[in-house]
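Undergrad: Quick one: this structure, given as structure tokens, is what I'll be asking you about.
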Amino acid sequence: MTNPSHHIYFIGIGGIGTSALAKYFLLKGMRVTGSDVKVSRATNELSALGATIFIGPHTASHVPPGIDQVVFSPAIESLNPELVASKSYTNEIYSYPQAAGKVMEGTHQVVVSGTHGKSTTTSMIGCVLSDAGLDPTVFVGAYVQAFNGNVRIGKGPHCVIEGDEYAGSFFSYRPDTLIITSVEPDHLDYYGNFDNIIKAFRSVAERVPQNGTIIACRENDGVIQTLSGLHKKIVWYGEGTAYSRLDFPLKVPGRHNQLNALAAIATADTLSISRDATKRSLMNYRGAWRRFEIKGEVRGVTIVDDYAHHPTEIRATLQAAKEQFPTRKIWCVFQPHQRSRTRILFKDFVTAFDGADEVVLTEIYYVEGREQGESITGRDLADAVSKRRTVHYIASLSDISVRLRSMVRPHDVVIVMGAGDITSVGDALMKKLS
75 MTNPSHHIYF IGIGGIGTSA LAKYFLLKGM RVTGSDVKVS RATNELSALG
125 ATIFIGPHTA SHVPPGIDQV VFSPAIESLN PELVASKSYT NEIYSYPQAA
175 GKVMEGTHQV VVSGTHGKST TTSMIGCVLS DAGLDPTVFV GAYVQAFNGN
225 VRIGKGPHCV IEGDEYAGSF FSYRPDTLII TSVEPDHLDY YGNFDNIIKA
275 FRSVAERVPQ NGTIIACREN DGVIQTLSGL HKKIVWYGEG TAYSRLDFPL
325 KVPGRHNQLN ALAAIATADT LSISRDATKR SLMNYRGAWR RFEIKGEVRG
375 VTIVDDYAHH PTEIRATLQA AKEQFPTRKI WCVFQPHQRS RTRILFKDFV
425 TAFDGADEVV LTEIYYVEGR EQGESITGRD LADAVSKRRT VHYIASLSDI
475 SVRLRSMVRP HDVVIVMGAG DITSVGDALM KKLS
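With the sequence shown counted from 1, adding 74 to any position gets you my numbering.
So this is what it looks like as structure tokens:
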């Protein structure tokens with residue numbers, strides 16, 4: 075897929091995965107055009123690199139004649155007019171995971187999978203390999219400070235990629251080294267039940283060749299269940315293993331990040347990278363976009379932005395906040411992501427905020443047309459959580475910073491949390507406070 079004369083069209087080019095691949099092709103000298111419904115950091119960066127991008131509702135007229143290949147975001151529906159129109163011009167139409175899988179053919183594929191921790195672990199491993207001189211190509215589901223973006227293009231034989239389980243995306247890869255950070259109930263709108271999730275991860279693990287390696291977290295029951303009886307080389311990390319504790323400090327807080335680093339160390343050992351080189355790299359690791367990202371401090375109030383949107387992630391992030399700021403009041407400002415996830419994991423969400431001193435909940439972020447029949451609201455969750463701790467329900471994102479400005483005090487920590495568009499609240503609050 076890297077013929078310099080080829081023209082590739084991206085549907086949903088601003089997605090975190092599609093934008094990384096679009097940048098990869100642009101820097102390989104290929105012609106890239108595409109579309110997205112809104113302007114974003116990703117579309118601006120791609121435009122600056124030479125991509126032609128149509129912004130607005132998807133329409134067949136955006137698709138130019140003469141395209142050689144089409145790549146579409148996994149969020150794109152099968153009847154999307156641009157996807158339908160593309161079939162008139164080319165047979166080479168791929169989802170982002172399928173296209174990434176083709177790009178990685180012939181490389182040593184390091185695939186990082188798991189319900190949680192994929193982006194951080196992927197970026198840590200990418201940094202370790204890069205700092206050790208292996209010059210890897212890395213695709214990450216977040217912006218990484220060390221890469222100045224969500225992709226690193228290298229000339230070495232290794233390709234490190236985040237393997238998302240949603241809609242079976244990770245089936246497009248052929249991992250030589252597979253990392254499994256966690257296996258828990260999520261994306262049940264697609265998988266239906268937890269057993270099917272375990273089967274999916276098991277199927278990916280079975281793809282690892284006999285001379286390959288699986289790096290797996292022993293502190294997660296779902297991972298243990300997934301790999302039970304599997305006859306592959308498995309290197310475990312976590313309590314009770316050779317990779318249980320770090321003997322150096324990280325710049326990113328929390329036990330969950332220690333586990334991510336332990337996964338990176340186990341991976342580096344498997345790839346014969348010296349332990350000293352690995353340690354130096356991880357000690358200097360500065361984090362990824364929206365992964366406990368400290369946005370700044372205004373009038374004594376610290377603003378943190380985080381991607382956590384699953385109950386386990388919320389708990390881990392709040393625990394990390396208590397460790398980093400043990401004497402300070404912790405506010406959790408959370409936007410639930412997807413009505414189906416909120417409904418299915420409702421009981422877990424209710425207890426997930428116990429590590430916060432005060433909670434702000436807003437309305438559920440969802441994609442129009444994708445969750446018909448789901449009636450649960452953010453108010454429903456707020457009512458349930460309020461029985462355990464102080465909750466402020468503020469339906470509109472634009473109202474949150476206004477209300478918070480009068481409620482927070484110097485020395486407080488405000489964590490803006492969620493996978494939707496809640497990230498705008500942190501910047502808005504900083505402006506209000508200043």
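Cβ coordinates follow ideal geometry from the N, Cα and C atoms, glycine included.
Gly296 to Ala122, Cα distance in whole Å?
TA: Along the sequence shown, read from residue 1 onward, the residue named residue 296 stands at position 222. Along the sequence shown, read from residue 1 onward, the residue named residue 122 stands at position 48. Computed Cα separation, rounded: 43 Å.
Undergrad: Which residue spans inside the stretch 255-286 form an unbroken alpha helix (DSSP H) run of at least 4?
TA: 262-265 and 268-280
Undergrad: Please list the terminal residues of the continuous alpha helix (DSSP H) segment that includes Ile339.
TA: Position 265 of the sequence shown holds residue 339. Per DSSP, Ile339 belongs to the alpha helix (DSSP H) from Arg329 to Thr344.
Undergrad: If we count Cβ pairs, one from each stretch, closer than 8 Å, do we get three or more for the stretch 147-167 versus the stretch 202-211?
TA: no
Undergrad: Going by Cα to Cα distance, which pick from Leu95, Ala149, Leu100 and Tyr467 is closest to Val111?
TA: As a working mapping, residue 111 is identified with position 37 in the sequence shown. Nearest C-alpha to Val111: Ala149.
Undergrad: Just the C-alpha distance for Val476 and Ile496, rounded to the nearest angstrom, thanks.
TA: As a position in the sequence shown, residue 476 is number 402, starting the count at 1. As a position in the sequence shown, residue 496 is number 422, starting the count at 1. C-alpha separation (whole angstroms): 14 Å.
Undergrad: Who are the Cβ neighbours of Ser479 in its own chain at under 8 Å, not counting the five residues just before and after it?
TA: As a working note, residue 479 is residue 405 in the sequence shown. Note that residue 479 is Arg in the sequence shown here, rather than Ser. Counting only Cβ-Cβ distances below 8 Å, and skipping sequence neighbours, we find Leu503, Lys506 and Leu507.
Undergrad: Consult DSSP for Asp110 and reduce its assignment to one of helix, strand or coil.
TA: On the sequence shown, position 36 is the one that residue 110 refers to. Annotated three-state conformation of Asp110 is strand, per DSSP.
Undergrad: Assuming the contact rule is C-beta atoms closer than 8 Å, Glu239 and Ala274 should be a hit. Round their C-beta distance to whole Å, please.
TA: Within the sequence shown, numbered from 1, the residue matching residue 239 stands at position 165. Within the sequence shown, numbered from 1, the residue matching residue 274 stands at position 200. Contact between Glu239 and Ala274 holds: CB atoms are separated by about 6 Å, below the 8 Å threshold.
Undergrad: The beta strand (DSSP E) spanning Gly374 covers which residue range?
TA: Counting from 1 along the sequence shown, the entry for residue 374 is found at position 300. It is not in any beta strand (DSSP E) - Gly374 carries neither H nor E in the DSSP assignment.
Undergrad: Would you mind stating whether Leu455 and Leu471 have Cβ atoms separated by less than 8 Å?
TA: Residue 455 sits at position 381 when you count from the first residue of the sequence shown. Residue 471 sits at position 397 when you count from the first residue of the sequence shown. No, the Cβ-Cβ distance between Leu455 and Leu471 is not below 8 Å.
Undergrad: To the nearest angstrom, how far is the alpha carbon of Ala94 from that of Arg413?
TA: What you label residue 94 is simply residue 20 of the sequence shown in a count that begins at 1. What you label residue 413 is simply residue 339 of the sequence shown in a count that begins at 1. For Ala94 and Arg413, the distance between alpha carbons rounds to 28 Å.
Undergrad: In chain order, what residues of the same chain lie with their CB nearer than 7 Å to the CB of Ser193, ignoring the 5 residues before and after it?
TA: Locating residue 193 in the sequence shown gives position 119, counting from the first residue. The answer, listed in chain order, is Val214, Gly215, Ala216, Glu236, Ala362 and Arg365.
Undergrad: With DSSP as the reference, label Glu432 as helix, strand or coil.
TA: Along the sequence shown, read from residue 1 onward, the residue named residue 432 stands at position 358. If DSSP states are grouped into helix, strand and coil, Glu432 belongs with the strands.
Undergrad: Measuring CB to CB, does His530 end up less than 8 Å from Gly140?
TA: Given that the chain is displayed from residue 75 to residue 508, the structure contains no residue 530 and the question cannot be resolved.
Undergrad: Please list the terminal residues of the continuous alpha helix (DSSP H) segment that includes Ala134.
TA: Taking the first residue of the sequence shown as position 1, residue 134 is located at position 60. No alpha helix (DSSP H) holds Ala134; DSSP gives it neither H nor E.
Undergrad: Report the three-state DSSP secondary structure of Ser169 (helix, strand or coil).
TA: Along the sequence shown, one-based indexing puts residue 169 at 95. Reduced to three states, the DSSP call for Ser169 is strand.
Undergrad: Just to confirm before moving on: does the CB-CB distance between Ala241 and Tyr381 stay below 8 Å?
TA: Residue mapping note: residue 241 aligns to position 167 of the sequence shown, counting from 1. Residue mapping note: residue 381 aligns to position 307 of the sequence shown, counting from 1. No; because the gap between Cβ atoms is not below 8 Å, this pair is not in contact.
Undergrad: Thinking C-alpha only, which one of Asn358, Leu252, Ser246 and Val158 is nearest Met178?
TA: The residue labelled residue 178 in the question sits at position 104 within the sequence shown. Residue Ser246 is the option with its Cα nearest to Met178.
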